[in-house]
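Participant: Here it is: the structure, laid out below.
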Ligand SMILES: CC(C)(COP(=O)(O)OP(=O)(O)OC[C@H]1O[C@@H](n2cnc3c(N)ncnc32)[C@H](O)[C@@H]1OP(=O)(O)O)[C@@H](O)C(=O)NCCC(=O)NCCS
């Protein structure tokens with residue numbers, strides 16, 4: 033079955049749709065509420081950078097007059113860390129302090145598991161001199177399998193090549209099976225892989241945190 037869709041640059045009106053799809057797909061393609069009570073904590077902390085600080089590397093897929101998927105990216109890891117550390121995370125922290133977010137047992141458990149995984153070195157990354165760019169991609173569930181993900185990545189890679197960016201990486205897990213298949217089929221190489229127990233409280237098995245990269 034084919035689907036008519038277009039890929040176009042992000043505009044500020046797409047922000048809500050990107051945040052909605054990001055929340056709807058954050059648990060291995062399913063809604064984030066499996067491990068976090070208030071999805072605003074996740075989208076404010078991890079997506080604001082891409083929509084508000086580097087929108088030039090964001091793209092959306094539109095089908096039947098609605099945003100059905102997106103790719104957001106960053107080409108400068110130093111700027112990313114600076115904005116996250118000095119602007120976004122302090123703002124999220126202040127909101128947290130004021131009680132803006134609903135924090136429950138799931139969020140606490142998730143943050144604890146991430147902290148443990150970090151301490152144990154279970155979150156593989158890339159050499160940023162070789163792979164300075166990164167991205168996140170998500171397609172709403174009913175629109176998967178139509179080629180949108182592949183087209184979004186091809187468009188982003190073209191933009192990176194035109195800008196002279198030498199490499200790009202992304203982080204995922206072995207549980208994101210379609211995603212791993214897609215990246216491998218597009219020439220991404222597994223740069224690192226670490227077994228982790230961080231999801232055991234939800235899926236009763238160990239999975240791998242993976243980092244894929246592609247030189248351009
Ligand atoms: C991973 C994802 C972005 C891929 O986007 P998509 O539009 O569904 O993928 P495409 O239609 O472009 O298909 C890409 C490839 O995956 C294959 N594929 C698509 N759906 C599949 C499925 N359900 N099972 C197995 N393979 C599948 C396609 O056949 C294609 O492979 P090919 O090029 O070898 O034929 C999308 O499925 C998604 O958002 N998944 C949930 C969230 C997620 O995992 N995000 C990535 C986090 S790192």
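Residue numbers (my numbering): 33 to 248.
Ideal Cβ placement from N, Cα and C applies to all residues, glycine included.
This one's a predicted model, so the numbers in the text were calculated from it and none came from an experiment.
#1: Going residue by residue through the stretch 185-233, where are the continuous alpha helix (DSSP H) segments of at least 4 residues, counting only ones entirely within it?
#2: Under 7 Å, do residue 171 and residue 181 count as touching if we go by C-beta distance?
#3: Under a Cβ-count criterion, where at least 16 other Cβ atoms within 10 Å of its own Cβ denotes burial, should residue 145 be classed as buried or exposed?
#4: CB-CB under 7 Å to residue 222, same chain, minus the five flanking residues each way: which ones, in chain order?
#5: Is the separation between the beta-carbon of residue 23 and that of residue 183 shorter than 7 Å?
#6: Does the beta-carbon distance from residue 95 to residue 42 come in below 7 Å?
#7: When you compare each of 235, 83, 70 to residue 139 by their alpha carbons, which one comes out closest?
#8: Going by DSSP, what residue range makes up the alpha helix (DSSP H) through residue 110?
#9: Leaving out the 5 sequence neighbours to the left and right, which residues in its chain are closer than 7 Å to residue 166 when beta-carbon positions are compared?
#10: Short of 6 Å in beta carbon distance, which residues of its chain neighbour residue 204, apart from the five on each side in sequence? Order them along the chain.
#11: Taking all protein chains shown into account, do 16 or more other C-beta atoms lie within 10 angstroms of the C-beta of residue 147, making it buried, or fewer, making it exposed?
#12: State yes or no: is the C-beta of residue 282 within less than 7 Å of the C-beta of residue 73?
#13: Please state whether the Cβ-Cβ distance between residue 246 and residue 219 is less than 7 Å.
#14: Considering only the beta carbon of each residue, do residue 248 and residue 193 sit closer than 7 Å?
#15: For residue 164, does the count of other Cβ atoms within 10 angstroms reach 16, so buried, or fall short, so exposed?
#16: Is the distance from the Cβ of residue 79 to the Cβ of residue 54 below 7 Å?
#17: Taking buried to mean at least 16 other C-beta atoms within 10 Å of its own C-beta, is residue 47 buried or exposed?
#18: At what residue ranges does the stretch 116-159 contain a whole run of the beta strand (DSSP E), taking only runs of 3 or more?
#19: Ligand 1 and residue 182: does any heavy atom of the ligand fall closer than 6 Å to the residue's C-beta?
#20: Taking the Cβ atom as the reference point for each residue, do residue 185 and residue 207 lie within a distance shorter than 7 Å?
#21: Which word fits residue 230, buried or exposed, when buried means at least 16 other C-beta atoms lie within 10 angstroms of its C-beta?
Facilitator: In short:
#1: 209-217
#2: For the purposes of this step, residue 171 is identified with residue 139 of the chain shown, where counting begins at 1. For the purposes of this step, residue 181 is identified with residue 149 of the chain shown, where counting begins at 1. Taking 7 Å as the Cβ cut-off, residue 171 and residue 181 qualify as a contacting pair.
#3: Counting from one through the chain shown, the residue named residue 145 turns up at place 113. Buried: at least 16 other Cβ atoms inside 10 Å.
#4: Here residue 222 refers to the residue found at position 190 when the chain shown is read from its first residue. Contacts found: 242, 244.
#5: Because the chain spans 33 through 248 in this model, residue 23 falls outside it and cannot be assessed.
#6: As a first step, residue 95 is located in the chain shown; it is residue number 63 there, counting from the start. As a first step, residue 42 is located in the chain shown; it is residue number 10 there, counting from the start. No, the pair does not count as a contact, with Cβ atoms beyond the cut-off.
#7: Stepping through the chain shown from its first residue, residue 139 is reached at position 107. Checking every option, the nearest Cα to that of residue 139 belongs to 70.
#8: As a working mapping, residue 110 is identified with position 78 in the chain shown. Start and end: 109-115.
#9: Position 134 of the chain shown, counting from 1, holds the residue named residue 166. These residues qualify, in order along the chain: 105, 106, 200, 201, 202.
#10: As a position in the chain shown, residue 204 is number 172, starting the count at 1. 211, 242.
#11: On the chain shown, position 115 is the one that residue 147 refers to. Looking at its Cβ environment, which holds fewer than 16 other Cβ atoms inside 10 Å, residue 147 is exposed.
#12: There is no way to answer for residue 282, as the model of the chain reaches only from 33 to 248.
#13: Counting from 1 along the chain shown, the entry for residue 246 is found at position 214. Counting from 1 along the chain shown, the entry for residue 219 is found at position 187. In contact: residue 246 and residue 219 (Cβ atoms closer than 7 Å).
#14: Your numbering for residue 248 matches position 216 in the chain shown. Your numbering for residue 193 matches position 161 in the chain shown. In contact: residue 248 and residue 193 (Cβ atoms closer than 7 Å).
#15: Here the question's residue 164 lines up with position 132 in the chain shown. That one is buried.
#16: Numbered from its first residue, the chain shown carries residue 79 at position 47. Numbered from its first residue, the chain shown carries residue 54 at position 22. For residue 79 and residue 54, yes; Cβs fall inside 7 Å.
#17: In the chain shown, residue 47 corresponds to position 15, counting from 1. By the neighbour-count rule (16 or more Cβ atoms within 10 Å), residue 47 is buried.
#18: none
#19: What you label residue 182 is simply residue 150 of the chain shown in a count that begins at 1. True, at least one ligand heavy atom lies under 6 Å from that Cβ.
#20: Within the chain shown, residue 185 is the residue found at index 153, counting from 1. Within the chain shown, residue 207 is the residue found at index 175, counting from 1. Taking 7 Å as the Cβ cut-off, residue 185 and residue 207 do not qualify as a contacting pair.
#21: For this step, residue 230 is matched to residue 198 along the chain shown. Answer is buried; the Cβ neighbour count reaches 16.
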